[in-house]
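The structure appears right after this line, and notes come after that.
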Amino acid sequence: MPTIEYLNYDVVDDQEWDIYDDENFERAEELDLTDEDYGTFECNEGEFILETAEANGYDWPFSCRAGACANCAAIVIEGEIEMDMQQILSDEEIEERNVRLTCIGSPATEHVKLVYNAKHLDYLQNRVI
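For the sequence shown, numbering that gives the first Met the number 0 assigns the number 0 to the initial residue and increments by one for each residue that follows.
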């Protein structure tokens with residue numbers, strides 16, 4: 000069963016870390032963060048990451064649940080997430096910036112590291128409804 004290791008973008012921003020630095024997860028582990036801001040959970044293949052996060056008691060941002068708004072955007076730091084048909088992200092955001100939508104995204108590798116709540120990034124803000 001795939002494991003999702005997550006970090007809240009607000010922590011990355013507050014700490015002034017580079018969002019793409021893979022050492023952020025090690026730094027986060029050393030901080031006294033709440034489970035909402037950093038941790039892991041298991042997600043069955045084919046299940047949407049947002050739904051699994053909610054089933055584990057986390058209150059991650061979302062709006063449409065259909066891949067059309069980017070409120071649930073996450074940056075994949077390690078691993079792969081497959082998305083059902085999405086309508087909002089550009090090829091550049093997907094291919095170069097590793098943005099994925101957790102409402103329609105499922106783990107495609109055994110371990111995924113992601114920074115959720117990434118809707119605050121400059122290149123995504125104009126897409127949020």
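Note that the Cβ used here is the ideal one computed from N, Cα and C, for glycine as well.
Check each candidate in the options and name the one with the smallest Cα separation from residue i.
i: ASP36; options: ALA117, LEU123 and ASP121; result: ALA117
i: GLU4; options: GLU15, ASP13 and ASN23; result: ASN23
i: CYS42; options: TRP59, THR2 and VAL114; result: THR2
i: LEU123; options: GLU28, ALA72 and GLU46; result: ALA72
i: VAL114; options: MET82, VAL98, SER62 and SER89; result: VAL98
i: MET0; options: PHE61, GLU15 and PHE40; result: PHE40
So for residue i, helix, strand or coil by DSSP?
i: ARG26; result: helix
i: LEU123; result: helix
i: GLU109; result: coil
i: GLU95; result: coil
Could you check if residue i is buried or exposed, using at least 16 other CB atoms within 10 Å of its CB as the buried criterion?
i: ASN7; result: buried
i: ILE128; result: Here the model assigns ILE128 a pLDDT of 45, short of 50, so the residue's position is not dependable, and the following value carries that caveat. The residue is exposed, with fewer than 16 neighbouring Cβ atoms inside 10 Å.
i: TYR105; result: A small fix is needed here, since residue 105 is Ser in this sequence, not Tyr. With 16 or more Cβ atoms within 10 Å of its Cβ, SER105 is classed as buried.
i: GLU92; result: buried
i: LEU49; result: buried
Inspect the CB distances between the stretch 65 to 72 and the stretch 26 to 36 and report whether three or more fall short of 8 Å. no
Quick check on the DSSP output: what are the complete beta strand (DSSP E) runs of length 3 or more inside the stretch 10 to 77, in order along the chain? 37 to 41 and 72 to 77
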